[in-house]
Amino acid sequence: MSTMPKAIEELTLDPQDWDAVERLGHRMVSDMMAYLKEVRQRPVWQPVPPEVRQTFEDGPPMEPRPLEDIYQDFVHHILPYPAGNIHPRFWGWVIGNGTVSGVLAEMLAAAMNSNVFGGDQAPGFLENQVIGWFKQIYGYEESTSGLLVSGGSMANLLALAVARNAMAGMDMNRDGIRAAAPLTLYASVEAHSSIVKAVQLLGLGGSALRSVAVNDRFEIDLHALEDRIQEDLDSGRRPFCVIGNAGTVNTGATDNLRELSRIAKKYGTWFHVDGSFGSFAVLSPELRHLVDGIDQADSLTFCLHKWMYMQYEASCVLIRQREQHHKTFAHAGSYLSHTEGGFAGAGEWFNEYGMQLSRGFRALKVWFAIREHGLRTYGKLIQQNAEQARYLGRRIESTPELELLAPVPLNVVCFRYRFPVQNEAQLNQLNERLLIEVQKSGVALPSFTRIHGKAALRVAVTNHRSRLEDFDLFLDTVLHCGRHLAF
Ligand SMILES: *Cc1c(COP(=O)(O)O)cnc(C)c1O
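Residue numbers in the sequence shown follow the working numbering, run continuously in steps of one, and reach 1448 at the last position.
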């Protein structure tokens, strides 16, 4: 007879007092609801004070601490000092708010702690369902493949990897980029930096990306594009991909996607669309003409954490050629074999369509949000943001101290204060300082860009909490800070 060792205390990370954790959990939920409800009363952003930054230098703890203490540290040192993007007057870069119910969906996903790599599990079927909705929204066939990923940068990388492998005319996975003809791809100078990073990472070399000029609306110049493709063909290169923007970060411009699709077909290239935020114009009957032709792309990137106002992180890539998508990422060890029946006997194998093997349950918050609000509501909100941007643009145009620096086709507004100085360099310097003053005011958070070399305050509205009056308050602050700096 074996002798059982006597009552060793076995460790677990589960709580000893479940009721106490549950009580604290209820308090956290109440605190967070109040935090969100009162967001309008707080400054958009404030710098992290030195004494708080100091606390982030503490070394790794060896001994346990009560959960309650750690929560207090969170409440005092972290919660008050975010970037500010849940606030109604945060309009920097292209950043979404998240929603109240999104908090709860994230909690449910965390409780399940699913690893959605594949197999016969509801989270996997649900992810496929959500991707299927997007195929319908954007007009892609049922056979299109797709994947939820961390962000638009990752979606662009995956799409361009598939494009490269599919169009190289050789076995890229086996023989590598060295064995390929000189591959070239095309995007406007306004394309996102993640495209450049992807091209570099894919071994193509940054110079393979031909940056094509834009017209005065910041849309790709189609003649310049064709000229460049022809030139590359004539010199023995292999043009393999044309990239279209649906909403550029700088100005919200959308390329002529229908024409780009025609050009891609004419030269036999892949057609990728980076629609990280602008592609959602498709949900608004008033705006959807802007992305006409988006259903013609071979691959499409869009970010749910931007203009769909969902919690970070959630973006998606759709790829029309499922086989090519699979071939690019299908490599799997024997430990990942599918089986006849059992857990590994059914479901989609997401690990065979991207870099990630372990994958979180991003799809749950997407499924909750779209079911709760309905696509019609998203369309109206997107339209509302675009109207707010146009309103801001009109107000800037009718204010002599301000200058609108680019058209406002969508939800991005770039402008500057016309300081009473002559020199462009001084004007740039002053507008850079103005931006910082406005950010420090805590009233609003625009970000920075340059339009034709001119320093610009940039407002991108992907914010379901913004109201028209917020833009009035913002302009009052800009004028106040501007006058202060100017005189
Ligand atoms: C934000 C953005 C990206 C990158 O998306 P992330 O989710 O931030 O990685 C790519 N392209 C465009 C046009 C974007 O606006």
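Here a beta-carbon is modelled for each residue, glycine too, at the ideal position from N, C-alpha and C.
A Cβ-Cβ separation of about 20 angstroms leaves Thr1262 out of contact with Asn1046 under the 8 angstroms criterion. For the pair Asn1424 and Gln1272, the Cα-to-Cα distance works out to about 12 angstroms. In this structure, the CA atom of Gly1085 is about 43 angstroms from the CA atom of Asp1193. In the three-state DSSP reduction, Ser1359 falls in the coil class, being neither helix nor strand. For Ala1129 and Phe1311, the gap between their C-alpha atoms comes out near 24 angstroms. Nearest to Leu997 by alpha-carbon distance, out of Gly1053, Val1061, Glu1018, is Val1061. By the C-beta density criterion, Phe1051 is buried, having at least 16 other C-beta atoms within 10 angstroms. Nearest C-alpha to Val1005 among Leu1446, Gln1285, Gln1090, Leu1434: Leu1434. As the crow flies, the alpha-carbon of Pro1025 is around 27 angstroms from that of Leu1065. When secondary structure is reduced to three states using DSSP, Ser1245 falls in the coil class, being assigned neither helix nor strand. Remark: three or more beta-carbon pairs, one from each stretch, lie closer than 8 angstroms, so the stretch 1313-1322 and the stretch 1106-1113 are flagged as touching. With a threshold of 16 other beta carbon atoms within 10 Å, Arg1014 falls short and is exposed. Under the DSSP assignment, Thr1209 falls outside any beta strand (DSSP E); it carries neither an H nor an E label. When distances are taken from the beta-carbon of His1153 to the heavy atoms of ligand 1, the shortest one is below 7 angstroms.
If you draw a straight line from the Cα of Arg1283 to the Cα of Ala1421, it comes to about 34 angstroms. Leaving aside the five residues that flank His1286 on each side, the residues in its chain whose CB is nearer than 7 angstroms to its CB run, in chain order, Ser1106, Val1123, Ile1280, Tyr1314. For Lys1267, the CB falls within less than 7 angstroms of some heavy atom of ligand 1. Contact between Arg1426 and Asn1058 is confirmed by a C-beta separation of about 6 angstroms, below the 8 angstroms threshold.
If you draw a straight line from the Cα of Val990 to the Cα of Glu1362, it comes to about 46 angstroms. Taking a cut-off of 8 angstroms for Cβ pairs, the stretch 1212-1219 and the stretch 1178-1193 touch, as three or more such pairs fall below it. If the five residues before and after Gln1390 are omitted, its C-beta is found closer than 7 angstroms to no C-beta atom of its own chain.
Of all C-beta pairs linking the stretch 1201-1210 to the stretch 1228-1241, three or more are shorter than 8 angstroms, placing the two stretches in contact. Listed in chain order, the non-local C-beta contacts of Pro976 below 7 angstroms within the same chain comprise Val982, local neighbours out to five positions each way being set aside. In the three-state reduction of the DSSP assignment, Ser1319 falls in the coil class, being assigned neither a helical nor a strand state. Per DSSP, reduced to three states, the secondary structure at Ser1154 is helical.
Met993 and Ala1447 have their C-alpha atoms some 41 angstroms from each other.
For Val1373, the beta-bridge partners assigned by DSSP are Ala1421.
Scanning its chain for C-beta atoms nearer than 8 angstroms, with the 5 sequence neighbours on each side dropped, one finds around Ile1156 the residues Asn1117, Leu1121, Ala1148, Leu1170, Ile1204, Asp1235, in chain order.
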